[in-house]
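For the sequence shown, our numbering begins at 8 and goes up steadily by one.
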Amino acid sequence: METFLFFETHWLHEHHLVIVSYTWFIMAMLAVLSWLATRNMTTIPGKLQNFLEVVVESIDGFMQDTMGHHSRKFFPLVATLGIYILVSNLIGLVPGFESPTSSVNTNASMALTVFAMTHIVGIREHGFKYIKQFMGPIWWLTPLMLPIELISHLARPLSLSIRLFGNIKGEDIVLAVILMLTPMLVPLPVFVLMIFTSFIQTIVFMILTMMYIGGAMEEAH
């Protein structure tokens, strides 16, 4: 039993180091790509600059459609999360790589950041009146609504973390099984489905982030 626990602890430690290594690798890769694209910006962009401009403009348009005129203030947060999550999801489809988003710890760190930002924005926008969002529309409903709202808000980081973890971890397991069964061939439909799921999970995380922040900015009714 002690031996089993030793190997289990050792495996968890090694797995954590692998996830952190891939996290830093993706961060460094995105930083280098951004530097290469912006070091000599021109009116007629090169391929890399043009590609990143399309990515940034697409995210900006998506956020404006979702959040309206408030979107620009939160663009750095939402765009950074979106790009990082998408790259992390997709890198796990490369044999030999593992998605950082297949770890609950990675997802929890992003979810807690969103959770903190949501309430920071709410307090900044409304001050002490922000508490009214948790108290319900009628004062005598407060004893009922307050616990429900608190549980709902506290569950958001868990929901964001587990949803992304479950889908991406499932993709990694399916890909590993397929590579063991047919190491020379990954069925194209499965591969396309995994890419599609990676995009969908990124969009879901971004939409929920914008909804939570947008909701905190609204006046309580």
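Ideal Cβ placement from N, Cα and C applies to all residues, glycine included.
Let me know the secondary structure DSSP gives residue i once reduced to three states.
i: M142; result: coil
i: S106; result: coil
i: M213; result: helix
i: M48; result: coil
i: M27; result: The question names Met, but residue 27 in the sequence shown is Val. Looking at V27 - three-state DSSP - the assignment turns out to be helix.
i: G222; result: helix
i: G53; result: coil
i: V101; result: coil
i: P194; result: coil
i: Q208; result: helix
Between the alpha carbons of residue i and residue j, how many angstroms are there, rounded?
i: Q208; j: G89; result: 10 Å
i: F206; j: V101; result: 16 Å
i: P107; j: N96; result: 7 Å
i: R163; j: V39; result: 33 Å
i: F135; j: M142; result: 13 Å
i: G75; j: L55; result: 29 Å
i: I158; j: H126; result: 14 Å
i: E225; j: P144; result: 14 Å
i: H20; j: F81; result: Reliability of the predicted coordinates at H20 is poor, the pLDDT of 46 falling under 50, and the value obtained from them is presented with this limitation in mind. Those two C-alpha atoms are separated by around 35 Å.
i: W31; j: P150; result: 46 Å
i: E156; j: G103; result: 43 Å
i: F198; j: P52; result: 32 Å
i: I138; j: L119; result: 20 Å
i: P154; j: Q140; result: 12 Å
i: G173; j: V211; result: 13 Å
Looking at the unbroken alpha helix (DSSP H) that takes in residue i, where does it start and where does it end?
i: S166; result: 149 to 188
i: L7; result: The shown model of the chain, from 8 to 228, leaves out residue 7, and the question about it has no answer.
i: L97; result: 78 to 98
If contacts are defined as beta-carbon pairs under 8 Å, then residue i and residue j qualify, I think. What distance do you get, rounded to the angstrom?
i: K25; j: E105; result: Here the sequence assigns Val to residue 25, which means Lys is not the residue at that position. With 8 Å as the limit, V25 and E105 qualify as a contact, their Cβ atoms being about 6 Å apart.
i: Y219; j: V121; result: 6 Å
i: G99; j: S109; result: 6 Å
i: I214; j: T73; result: 6 Å
i: N114; j: L167; result: 7 Å
i: M217; j: M117; result: Between M117 and M217 the Cβ distance is about 14 Å, and since that is not below 8 Å, they are no contact.
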